[in-house]
Ligand code: SF4
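Numbering (our numbering), first residue to last: 7 to 235.
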């Protein structure tokens with residue numbers, strides 16, 4: 007099966023090229039769906055329903071910061087009240103030449119599914135948000151930046167705001183892109199460099215292992231112990 011870049015595959019490669027290979031190239035590690043609906047999935051659905059159906063946000067959960075979460079939901083609703091369209095779980099794609107592609111196109115080079123996307127074609131403003139339960143874990147913003155990059159190719163906006171909503175801690179982490187300027191500034195190039203490094207690694211077929219804090223959960227741990235990596 008043809009490999010297509012995604013925010014999660016970029017994050018996996020950054021963590022460890024060998025586990026990236028096992029998950030995305032050789033399928034030695036297969037994705038296992040959870041048998042029960044996780045708390046994160048349930049919270050996502052509640053937030054997305056509140057936005058799409060215009061109903062009040064109602065989440066019975068003692069860990070979530072409700073004031074914060076309501077304020078972010080209201081922000082998205084306020085955007086919609088000025089025009090434009092909001093989507094949830096939207097599937098977007100990008101071709102190799104930084105052009106729009108559909109998620110399942112034959113020529114799709116990179117793709118993402120985004121929790122919340124708002125786009126106003128009259129103003130050229132794109133907003134993407136990713137809902138997170140638990141702690142802040144993507145310090146490099148790889149997932150957000152790659153989603154913003156794909157969104158920029160897909161919608162051709164002039165400005166992109168991209169945010170993680172950490173609904174438990176009540177914290178927003180994110181930034182803005184002005185386009186096309188920021189395709190060439192410090193924000194986007196690290197993501198592009200990573201994508202090109204993955205392409206080179208796949209071509210040469212050498213995936214080194216990189217020890218990290220999550221090794222203890224990795225199905226290849228014994229292999230790495232045996233080879234002394
Ligand atoms: S155990 Fe750690 S170093 Fe080895 S493949 Fe898995 S993530 Fe990489």
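Using N, Cα and C, we set each Cβ at its ideal position, and we do this for glycine too.
Ordered along the chain, which non-local residues of its own chain (more than five positions away) have a Cβ less than 8 Å from that of residue 72? 63 and 65
Residue 170 beta carbon less than 8 Å from that of residue 189: no
Find the nearest neighbour of residue 225 within the set 11, 36, 14 and 15, judged by alpha-carbon distance. Distance from the Cα of residue 225 is smallest, within the candidate group 11, 36, 14 and 15, for 36.
Cβ atoms of residue 214 and residue 8: under 8 Å apart, would you say? No, the pair does not count as a contact, with Cβ atoms beyond the cut-off.
Where residue 93 and residue 229 are concerned, what is the direct C-alpha to C-alpha distance, given to the nearest angstrom? 42 Å
In three-state DSSP terms, what is residue 94? strand
Alpha carbon to alpha carbon, how far is residue 232 from residue 160? Give it in angstroms, no decimals. 45 Å
Measure how close the beta-carbons of residue 122 and residue 82 come, nearest whole angstrom, since I'm counting them as under 8 Å. Indeed, because the Cβ distance is near 6 Å, the residues count as touching under 8 Å.
Nearest neighbour of residue 180, chosen from 191, 136, 216 and 90 [CA to CA]: If we check each option's Cα against that of residue 180, 136 comes out closest.
Please confirm whether any heavy atom of the ligand SF4 lies closer than 7 Å to the CB of residue 235. yes
Just verifying my parser: in three-state terms, what is the DSSP assignment at residue 7? coil
On a CA-only basis, which of 104, 146, 100 and 227 is nearest residue 119? Give me that one, please. Relative to the Cα of residue 119, the nearest Cα in the group 104, 146, 100 and 227 belongs to 100.
Distance check for residue 235 and residue 162, CA to CA, integer angstroms please. 44 Å
Please give the ranges of any alpha helix (DSSP H) in the segment 104-189, keeping only runs that are unbroken, at least 4 residues long and fully inside the region. 148-161
Is the CB of residue 189 under 8 Å away from at least one CB in chain C? Considering every chain present, this structure includes no chain C. It has just one protein chain.
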